[in-house]
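The first sequence: position 547 = 548 (our numbering), numbered continuously.
For every residue, glycine included, the Cβ atom is placed at its ideal position computed from N, Cα and C.
Remember, it's a predicted structure, so these values are computed and weren't measured experimentally.
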Amino acid sequence: MGLFKAKIAELIKEKLPPASPGLDPDEVALGDLLEAPPDPAYGDMAFPTFSLARTFRRAPAKIAADLAAEINRARPDWLEKVEALNGYVNFTLNKPLAARSVLTAIKSEGRRYGSSGAGQGRKVVIDFSSPNIAKPFAVNLLRTTVLGQALSRLYAFQGYEVVRVNHLGDWGTQNGQWIVGYRLWGDEAALAANPIKELLRLYIRFHEEAEKHPELEDQAREAFHLLEQGDPEALALWKRFRHLSIEEFKRVYARMGIEFDSYAGEAFYSDKMEPVIRLLQEKGMLVESEGATVAPLDEYNLPPCLILKSDGSTLYPTRDLAAALYRWEQYQPALVLYVVDVRQSLHFQQIFTVLKKAGMSWVDRYEHIAYGLIKFQDMIMSTRKGAIVFLEDVLDEAANRSLEIIKERNPDLPDKEKVAEQVGIGAIIFRFLIYSRLKEISFDWQTALSFDGDTGPYVQYTYARLCSILRKAGTEGVDVEKIGEDPSCLCFEKLSAPEEAALIFELERFPDVLIQCEAGRDPVALARYLLELCRVFNGYYHQHRVMGSDAMAERLFLLAGVRTVLQNGLYLLGMSAPEEM
RNA sequence: GCGCCUAUAGCUCAGCGGAUUAGAGCGCCGGCCUCCGGAGCCGGGUGCGCAGGUUCGAUUCCUGCUAGGCGCACCA
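Structure (structure tokens):
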């Protein structure tokens with residue numbers, strides 16, 4: 002909770018009259034009731050008393066008036082004004098003290114400012130990106146990749162030990178398709194020269210031919226079955242494809258600043274399914290149905306979960322059950338997040354329910370973090386139909402566009418390509434985080450490559466300007482790092498403009514925003530917050546001169562605070578923060 | 001047929017377990033002083049899908065309906 006909110010909540014709790022016996026006002030989370038008044042003229046924080054009316058058996062207006070009077074009897078110096086209005090108690094903070102407490106907190110905490118530390122000693126496993134090695138690395142993977150990365154940083158920032166797992170789709174019928182394709186049309190020379198291109202060619206060819214010759218699908222199933230039996234030749238091919246794919250993935254991940262702790266995918270679990278199946282059998286949860294082995298879930302109102310095909314081979318659910326079990330045994334996590342698209346909601350519901358039914362109560366810590374699909378020109382992205390937009394092409398296009406703009410507007414910038422990469426990729430990342438995760442995103446190049454308005458580059462640009470002015474202060478003999486080391490040297494009364502108070506408040510609520518993101522398992526609030534902070538800052542900065550003003554030191558201190566929060570925020574979203582662009 | 005998700009301004013979207021007067025971007029129109037970076041700033045706004053319910057008060061919670069999207073057995 003933010004500094005102000007916590008202090009006010011504590012004060013209210015202390016000053017509130019004791020409730021009737023049996024009615025405990027402590028049960029109401031007072032801090033959660035506090036909110037920003039619609040108009041700053043009312044105050045900085047408002048406490049609605051309506052929900053307490055029943056507990057105290059008194060009118061809200063009366064409660065508010067009494068509470069305000071009680072607080073005013075010995076009003077602490079950090080509160081300038083406390084008054085009751087329409088059932089609310091409105092608090093006006095002492096601005097200089099507020100500025101001092103927020104800015105010195107940012108100064109002392111620096112890159113840690115905003116962290117709740119709530120995750121200390123807890124482990125969270127985040128399963129994200131998880132491409133299928135037998136498919137092209139396409140844009141539809143961007144959302145899980147970007148979301149997962151942001152969530153990983155967010156949880157790590159809150160003190161969690163984060164295990165980033167890339168649960169590769171490297172086992173299953175699709176891999177059989179690949180083996181069949183390679184045997185029929187594979188070109189060894191091409192594979193050696195440009196493996197990714199060749200693998201893609203085989204992928205497309207297979208799906209084209211399979212339209213005309215459905216028996217290819219049977220061959221693929223057969224090939225996978227062989228693979229699962231450990232056929233040496235199939236295994237060798239598969240290993241090679243897998244290796245080449247991972248190398249390619251890693252290269253792209255590096256561009257986005259992503260590294261995984263584990264690439265344990267489906268194949269990793271291929272020899273770990275027996276115990277799960279046995280367990281389900283022992284619990285009497287498995288039955289034969291139409292030749293297959295399934296776990297009925299009627300009592301949970303869910304369709305049965307398929308465990309084994311009629312031919313005895315395993316399925317996606319089987320491997321996910323094994324993975325869930327393994328993750329529990331291996332990591333003992335406090336939380337497991339599966340960042341996987343919304344189409345698999347039922348699947349995860351079934352997996353979790355099967356484990357629950359089998360008595361694995363730890364599965365309550367497992368969550369499917371669903372997100373909406375990416376639509377492309379009114380069509381859901383489908384890699385099979387050939388409508389492929391490669392993930393890397395999107396990054397390239399964005400970087401190119403960014404480079405053009407830099408050449409035009411900042412021709413003297415050193416390291417243009419590097420900065421263009423940071424800004425271009427930042428634009429893409431931000432664009433995928435700015436919507437609530439369950440919303441569908443319709444991808445189009447024009448919007449993706451727009452750098453004006455509510456975009457990543459807007460935030461990065463604001464950050465760069467901030468760095469620019471702080472640099473300028475440095476060249477003019479001000480040691481920016483030293484400002485605020487001794488707060489008593491500063492006169493916080495000088496930060497008295499309404500825009501300055503608004504900025505202080507934005508900075509103060511940063512920790513709350515992160516908690517909100519953590520609770521909702523969605524970085525969208527942070528992305529929105531950064532935009533708002535930039536707007537407030539840009540408005541301020543546009544109308545108040547910093548350098549040479551009589552409040553220069555104080556304003557530079559304020560700017561340094563904004564810079565730190567933007568830096569932390571961009572990092573948490575998984576974006577770079579170039580100091581010039 | 002059953003289930004899940006979504007519905008807020010022309011368009012794309014915020015609005016945290018309710019609260020005083022519902023916000024932003026894009027697009028459109030009009031402005032920005034030889035001054036800290038114009039990827040910027042300022043101004044222009046008759047909008048919460050429909051119908052009920054709970055409440056002192058509902059965009060928010062509940063129910064039903066409508067529309068769109070996605071799932072529902074050997075793909076993942």
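May I ask you to list the residues that DSSP assigns as paired with residue i?
| i | result |
| --- | --- |
| H369 | Y339 |
| P49 | Y89 |
| N133 | G170 |
| K82 | T93 |
| V147 | Partner(s): none; V147 has no beta bridge. |
| C306 | A296 |
| V126 | V164, V337 |
| A139 | F391 |
For residue i versus residue j, is the C-beta distance shorter than 8 angstroms?
| i | j | result |
| --- | --- | --- |
| V277 | L228 | no |
| M576 | I430 | yes |
| V460 | L571 | yes |
| A561 | L491 | no |
| L504 | Y541 | yes |
| N167 | F261 | yes |
| V395 | R366 | no |
| V83 | F92 | yes |
| V563 | L527 | no |
| I375 | V525 | no |
| W186 | R206 | yes |
| L169 | E267 | yes |
| L148 | G182 | no |
| Y392 | L143 | One detail in the question is off: residue 392 reads as Leu in this sequence, not Tyr. Yes, the pair counts as a contact, with Cβ atoms nearer than the cut-off. |
| E441 | M548 | no |
| A324 | Y264 | no |
| Y332 | V537 | no |
| I107 | T448 | no |
| V5 | E507 | In the sequence on display, residue 5 carries Phe and not Val. The answer is no: Cβ separation not under 8 angstroms. |
Quick check on residue i: does DSSP put it in helix, strand or coil?
| i | result |
| --- | --- |
| M548 | coil |
| G118 | coil |
| F506 | helix |
| S497 | coil |
| E110 | helix |
| F391 | strand |
| E291 | coil |
| T456 | coil |
| S263 | strand |
| E36 | strand |
| A224 | helix |
What does the alpha-carbon distance come out to for the pair residue i and residue j?
| i | j | result |
| --- | --- | --- |
| C659 | Y339 | Absent from the model: residue 659. The displayed extent of the chain is 2 to 582, so no value can be given. |
| T384 | K136 | At T384, the pLDDT of 47 sits below 50, so the modelled position is not reliable; the number obtained from the coordinates is stated separately. For T384 and K136, the distance between alpha carbons rounds to 7 angstroms. |
| L12 | V481 | 35 angstroms |
| M382 | H208 | At M382 the pLDDT is 45, less than 50, meaning the model places this residue with poor confidence and gives no usable figure here. |
| P39 | I370 | 33 angstroms |
| D171 | A224 | 14 angstroms |
| V420 | S246 | 28 angstroms |
| L303 | R252 | 41 angstroms |
| Y464 | L567 | 7 angstroms |
| W329 | R438 | 26 angstroms |
| A211 | Y462 | 49 angstroms |
| A399 | H543 | 29 angstroms |
| M380 | S443 | Note that M380 scores 44 on pLDDT, short of 50, meaning its location in the model is unreliable; the coordinates nonetheless yield the value given after this. Rounded to whole angstroms, M380 to S443 spans 9 angstroms at the Cα level. |
| L557 | R101 | 13 angstroms |
| E486 | L68 | 38 angstroms |
| K16 | V126 | 43 angstroms |
| V355 | M582 | 52 angstroms |
| L192 | F242 | 10 angstroms |
| K8 | L34 | 13 angstroms |
| E315 | L309 | Per the sequence shown, the amino acid found at residue 315 is Thr instead of Glu. So the two alpha carbons sit approximately 5 angstroms from each other. |
| R320 | N401 | 41 angstroms |
| G258 | D397 | 15 angstroms |
| E216 | S311 | 18 angstroms |
| A578 | P318 | 41 angstroms |
| F48 | E36 | 7 angstroms |
Is residue i close to the ligand COA? I mean its beta-carbon at under 7 angstroms from any heavy atom of the ligand.
| i | result |
| --- | --- |
| A503 | Of ligands this structure carries none, so the ligand COA is not represented either. |
Kindly confirm or deny that the stretch 279-290 and the stretch 226-234 touch, where touching means at least three C-beta pairs closer than 8 angstroms. Result no; under three Cβ-Cβ pairs closer than 8 angstroms.
Spell out a yes or no on whether the stretch 417-429 and the stretch 500-520 are touching, meaning 3 or more CB-CB pairs, one atom from each, closer than 8 angstroms. At 8 angstroms Cβ cutoff, the stretches do not touch.
Using 8 angstroms as the threshold, is the stretch 482-499 in touch with the stretch 89-105, meaning 3 or more CB pairs across them? Yes, they touch.
Mind the definition here: the stretch 191-202 touches the stretch 157-167 only if three or more C-beta pairs lie below 8 angstroms; say whether that holds. No, the stretch 191-202 is not in contact with the stretch 157-167.
Report yes or no: do the stretch 140-157 and the stretch 518-531 share at least 3 C-beta pairs separated by less than 8 angstroms? Result yes; three or more Cβ-Cβ pairs closer than 8 angstroms.
Below 8 angstroms, how does it come out for the stretch 52-63 and the stretch 76-94: are there three or more Cβ pairs, yes or no? Judged by Cβ distances under 8 angstroms, the stretch 52-63 makes contact with the stretch 76-94, as three or more pairs qualify.
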